[in-house]
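A short write-up of the structure that comes next.
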Amino acid sequence: MKFTELSAYELPGGTVTRWTPVTDAEPTGWDTDARPLTYEHEDHITRAGVNCTAEMHESSWLGAVFEIDRAFDPDAMRRALLAWTRRHEAFRTTVTLSADTCGGVRQVRRTRSADAVSICSESAGRIESDAVRDVLISMFDRALSPLDWPHCMAATISDTDQSGSGSESFYMVFAADHSVMDAYSMFLSINELRQFYDAELENRAPTPSPIGSHVDFSASSRAAGETLTVDHPGIQRWRRFLDASGGRFPDLGLPLSEPLAAVDGPRDTDDRQRGWAGFVATADQVATLTALSRAAGHSTQTAVIAALALAHQELTGDPLLRAAMPMHTRHETQFVESVGWYVGIGPLEVDLAQAETIADVLAASAAGIGEAKRLSRLPYPRVAQLLGTHAEPEFVVSYLDLRFVPGATDWPGWRAQTLRGATRSESEVYLWVARTPTGMTVSTRYPGNEVAAANVRRLITTACTIVDAVIDAGAPMRDRSAPLPATSGHDERQPA
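Everything in the sequence shown is counted per this note's numbering, starting at 3 for the first residue and increasing by one.
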């Protein structure tokens, strides 16, 4: 499963319909909700408010696009979207801002009952294929914000240019502000929307599994964060992690722009990021890697991060891989299929200074991942608050095993792809590694210049070459005499 901007997905022209949740009252008239925000949500709102004041609007939406190979029925689609919106309380809650008694800004959560929400549709007319993506991107960028409800919306493309082939199908695109959606929410929603639509089209009742509410999760997460103090061992570990890079998060460790001396004239000030996504391994190749990893007492994730650490060492000369690592916080069964922002970040350090064999590298990788996982349970905005820092992640590495997400085996047939809005940064580098039933993908975003693009691709290609060498050798990775794999002769991975 690739994770890209919508501009990287080929869409046909057709009739575009916008679908939006509505209620009979403005959010300021909704009932107040005493359940507090997570620290992450609160921080997201605060940043959005600052950017709005500075007239620096930037939408931070996530979503997905997929094809539905059935006839388009607008009434069935309306009912499906309504069932989806009512199922997840995250879609029916928002935050209003008001001045407090000290002249500051007070964030007030407000939530609407499920039966008070309906779905409104609006036709944008027929849009040609060369313009449809821009129309949708503009629609989502303008409408989605953590400060304005609704925080989620959808669009359909029906009566498409492909309809002349005799097949009945249409496209569904949905997007939501990050405050109400995370990566797993995107994946879950693809299947959920398809199941709801199929049920409505066939005039039968859908049977989704019971779930909890992210709003309830928010209350428990906030309560846990409030117990933290600056003396907590996890907070002190975060302090050491940030201090090791001068009070900042670690960066990629490779050049992300031309040196000023090498630039002829003023440097381009456009800080919009670029991205790359592609398939890097087949299902059979990943299965072999998994078998070798398990035989050595480790996971596929451990092997992937180990390969990344070796690649990073080869390219930078630094035996210590340092990054921020997102981890899900869906630790209770009731939240496994719930839509919302269930993500923390942990400090990842993989120290290869003493590693002489593959077994040593795997052990270092497992230790680093384990620590990141433990510390990701501490809400980072609360950590930053206690440490008095405004440091933000710069080099981020994510690993997701998506094989058992409902609907995962159908994604290729549905042409499903997860989406993100545009991002602006001159320093951030994100790598998302995803394992699916069909193999493994890597998706990236990085500063929008050729230097950053080349160095990120070098890192990916070198890591893939290391994995290939391990798979080809087929040697037991638990063998402490097994040497580290050679990484010469890198094969350039191509986007798929």
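Beta carbons: idealized from backbone N, C-alpha and C, even for Gly.
Exercise for the section: Give a yes or no on contact between the segment 343-363 and the segment 379-393, applying the rule of three or more CB pairs nearer than 8 Å. Expected result: With three or more CB-CB distances shorter than 8 Å, the segment 343-363 counts as touching the segment 379-393.
Problem - Validate contact between the segment 44-51 and the segment 126-143 using beta carbons, cut 8 Å, 3 pairs - result: Taking 8 Å as the limit for Cβ pairs, the verdict is that the segment 126-143 does not touch the segment 44-51.
Handout entry: Asp136, enclosing alpha helix (DSSP H) - first and last residue
Key = Ser131 to Ala145 is the span of the alpha helix (DSSP H), which, as asked, contains Asp136.
Problem - Segment limits, alpha helix (DSSP H) that includes His330 - result: Run containing His330: none in the alpha helix (DSSP H); it sits in the beta strand (DSSP E), Leu322 to His330.
Problem - Range of the contiguous alpha helix (DSSP H) that encloses Thr420 - result: Under the DSSP assignment, Thr420 falls outside any alpha helix (DSSP H), being part of the beta strand (DSSP E) whose first and last residues are Gln419 to Arg422.
Exercise for the section: Report the residue from Pro261, Gly236, Pro152 and Ala366 whose alpha carbon sits nearest the alpha carbon of Gln321. Expected result: Reading the sequence as shown, one finds Pro at residue 321 and not Gln. Ranking Pro261, Gly236, Pro152 and Ala366 by CA distance to the CA of Pro321 puts Ala366 first.
Problem - Integer-rounded CB distance, given that Pro328 should sit under 8 Å from Ser522 - result: Lying before the first or after the last residue shown, residue 522 is absent from the chain, which here runs from 3 to 498.
Problem - Test item: CB-CB of Thr158 and Met174 under 7 Å - result: The Cβ atoms of Thr158 and Met174 lie closer than 7 Å to each other.
Exercise for the section: Check whether the Cβ atoms of Gln63 and Phe142 lie closer than 7 Å to each other. Expected result: It should be noted that the sequence gives Trp, not Gln, for residue 63. Yes, the pair counts as a contact, with Cβ atoms nearer than the cut-off.
Exercise for the section: Taking all protein chains shown into account, decide if Ser295 is buried (16 or more other Cβ within 10 angstroms of its Cβ) or exposed. Expected result: Classification for Ser295: buried.
Handout entry: 7 Å Cβ cutoff met for Arg447 and Gly277
Key = For the 7 Å CB-CB criterion, Arg447 and Gly277 form a contact.
Exercise for the section: Decide if the segment 351-369 is in contact with the segment 302-315; the criterion is three or more beta carbon pairs, one per stretch, under 8 Å apart. Expected result: A contact exists between the segment 351-369 and the segment 302-315.
Practice task
Could you name the residues of the same chain whose beta carbon sits closer than 6 Å to that of Leu84, not counting the 5 residues immediately before and after it, in chain order?
Solution key: Excluding residues within five positions, the ones whose Cβ falls inside 6 Å are Ile121.
Handout entry: Alpha carbon of Ala208 to alpha carbon of Glu194, nearest angstrom
Key = First, the residue type needs correcting, since residue 208 is Pro and not Ala in the sequence shown. One C-alpha to the other measures close to 10 Å.
Practice task
Indicate whether Val282 and Cys466 have their beta-carbon atoms separated by less than 7 Å.
Solution key: Yes, Cβ-Cβ distance for Val282 and Cys466 is below 7 Å.
Handout entry: Cut-off 8 Å between Cβ atoms - residues of its own chain near Asp506, not counting five sequence neighbours on either side
Key = Nothing can be reported for residue 506: it is not among the residues displayed for the chain, which extend from 3 to 498.
Handout entry: Delimiting residues of the alpha helix (DSSP H) encompassing Gly236
Key = Pro235 to Asp245 is the extent of the alpha helix (DSSP H) around Gly236.
Handout entry: Option in Thr25, Ala361, Leu99 and Ala418 with minimal Cα separation from Gly299
Key = The shortest Cα separation from Gly299 among Thr25, Ala361, Leu99 and Ala418 belongs to Ala361.
Problem - Residues of its chain near Ile237, where Cβ-Cβ distance is below 8 Å and the 5 sequence neighbours each way are ignored - result: Result list for Ile237: Leu230, Thr231, Leu380, Val385, Leu388 and Leu389, in chain order.
Practice task
Consult DSSP for Thr17 and reduce its assignment to one of helix, strand or coil.
Solution key: Residue state, collapsed to three classes: strand.
Problem - Span separating the alpha-carbon of Arg111 from that of Ala101 - result: Rounded to the nearest whole angstrom, the CA to CA distance from Arg111 to Ala101 is 14 Å.
Handout entry: Rounded separation between Thr113 and Leu146 - CA only
Key = Roughly 18 Å separates the two Cα atoms.
Exercise for the section: Tell me Gly280's beta-bridge partners as DSSP assigns them. Expected result: DSSP, once it has assigned bridges, lists Val444 as partnering Gly280.
Practice task
Express the C-alpha separation of Cys104 and Ser187 in angstroms, rounding to a whole number.
Solution key: Each residue's Cα considered, the two are about 37 Å apart.
Practice task
Check whether the Cβ atoms of Ala418 and Phe5 lie closer than 7 Å to each other.
Solution key: It is not a contact, given that the beta carbons lie outside the stated cut-off.
Practice task
Determine the extent of the alpha helix (DSSP H) in which Tyr199 is found, giving its start and end residues.
Solution key: Annotation for Tyr199: the continuous alpha helix (DSSP H) segment containing it runs Ala185 to Leu203.
Practice task
Out of Ser340, Pro252, Ala293 and Asp75, point me to the one whose CA is closest to Gly476's CA.
Solution key: Of the candidates Ser340, Pro252, Ala293 and Asp75, the one whose C-alpha sits nearest the C-alpha of Gly476 is Ala293.
Problem - Contact between the segment 216-231 and the segment 24-40 (3+ Cβ pairs under 8 Å) - result: Touching, yes.
Problem - Contact check, Ala393 vs Phe251, beta carbons under 7 Å - result: Yes, the pair counts as a contact, with Cβ atoms nearer than the cut-off.
Practice task
Write down the C-beta distance between Val119 and Arg81 rounded to the nearest angstrom, noting that I regard them as a contact closer than 8 Å.
Solution key: Contact doesn't hold; Cβ gap of about 13 Å is too wide.
Practice task
Counting only runs of 3+ residues fully inside the segment 361-436, write out the beta strand (DSSP E) ranges in chain order.
Solution key: Runs found: 397-403 and 419-422.
Problem - Straight-line gap, Asp474 to Ala305 (C-alpha atoms, nearest Å) - result: C-alpha separation (whole angstroms): 15 Å.
Practice task
Compare the beta carbon distance of His153 and Val182 with 7 Å and say whether it is the shorter of the two.
Solution key: In this structure, Val182 lies closer than 7 Å to His153 by Cβ.
Practice task
Select from Ser131, Ile468, Phe397 and Leu190 the residue whose C-alpha is nearest the C-alpha of Gly255.
Solution key: The residue from Ser131, Ile468, Phe397 and Leu190 with its alpha-carbon nearest to that of Gly255 is Phe397.
Practice task
Put Ala10 into one of helix, strand or coil per three-state DSSP.
Solution key: Three-state DSSP puts Ala10 in a helix.
Practice task
Give me whichever residues DSSP pairs with Met1 in a beta bridge.
Solution key: The structure shown does not extend to residue 1, since the chain is modelled only from 3 to 498, so the question has no answer here.
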